[in-house]
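K.L.:
My questions all concern the structure below.
Residue numbers (my numbering): 70 to 252.
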């Protein structure tokens, strides 16, 4: 059964409040995990926050945390990368993590990029900021990206994620395309 790596590029804490929801881009990944599970695929979750900041800043290629992430990337048949967009690009902490991965880490992987942002002004961040880096890292099968406005993501009182219907449909279609490509 192919494994899908869910990579969160959100540098934010899980929540400003201890019991609050995760960052939107990360909540999307957890939602995607449920969809993937329903399609018979296993998932593994990795966050940029899994790597100690000093390992990122000091470019510590020997970090045991980095080695674990490298192994998860190597074992994955597909990768869903989700990140917030700030100032027309994904967070620098995600770029720092990608810089620490092997140059060809995404060779042979199917990649589904997802970005969340506050306005449509950042819509092209997937195509002009994310995809070129993924391609340089060996990705040749990058699926159509999914951009989601923050206003299209809501949380119920119990913390359950609720997406607008058209976004839910696009996410489901992207996940199905990923599942089809890795099987």
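Cβ atoms here follow ideal geometry from the backbone N, Cα and C, with glycine treated the same way.
All of these numbers come straight from a predicted model, not from anything done at the bench.
1. Please identify the residue among 204, 122 and 144 whose C-alpha is closest to the C-alpha of residue 173.
2. Any idea which residues DSSP pairs residue 155 with across the strands?
3. Tell me, to the nearest whole angstrom, how far the beta carbon of residue 170 is from that of residue 139; I am working on the premise that it is less than 8 Å.
4. Quick one: complete beta strand (DSSP E) runs, 3+ long, within the segment 184-244?
5. Tell me which residues share the same chain as residue 182 and place their Cβ nearer than 6 Å to its Cβ, disregarding the 5 neighbours each side in the sequence.
6. Here's the rule I'm using: 16 or more other beta-carbon atoms within 10 Å means buried, otherwise exposed. How should residue 112 be labelled?
7. Hey, how far is the Cα of residue 223 from the Cα of residue 232?
8. To the nearest angstrom, how far is the alpha carbon of residue 106 from that of residue 72?
9. What residue range is occupied by the uninterrupted beta strand (DSSP E) comprising residue 115?
10. Do you know whose CA, among 227, 127 and 143, lies nearest residue 75's CA?
11. Which whole-angstrom value is the C-beta distance of residue 217 and residue 185, which I expect to be below 8 Å?
12. Helix, strand or coil for residue 75 per DSSP?
13. Quick one, which of 167, 109 and 179 has its alpha-carbon nearest residue 147's?
14. What first and last residue would you give for the alpha helix (DSSP H) that runs through residue 142?
15. On the CB-based measure, 16 or more other CB atoms within 10 Å of its CB, does residue 240 come out buried or exposed?
16. For the alpha helix (DSSP H) that contains residue 122, what are its first and last residues?
P.N.:
Looking at the atomic coordinates:
1. 204
2. 158
3. Between residue 139 and residue 170 the Cβ distance is about 6 Å, and since that is below 8 Å, they are a contact.
4. Counting only runs of 3 or more, we get 215-218, 222-224 and 230-232.
5. 150, 195, 199 and 214
6. buried
7. 6 Å
8. 10 Å
9. 111-116
10. Minimum Cα distance to residue 75 is reached at 143.
11. 5 Å
12. strand
13. 179
14. 133-144
15. buried
16. 122-126
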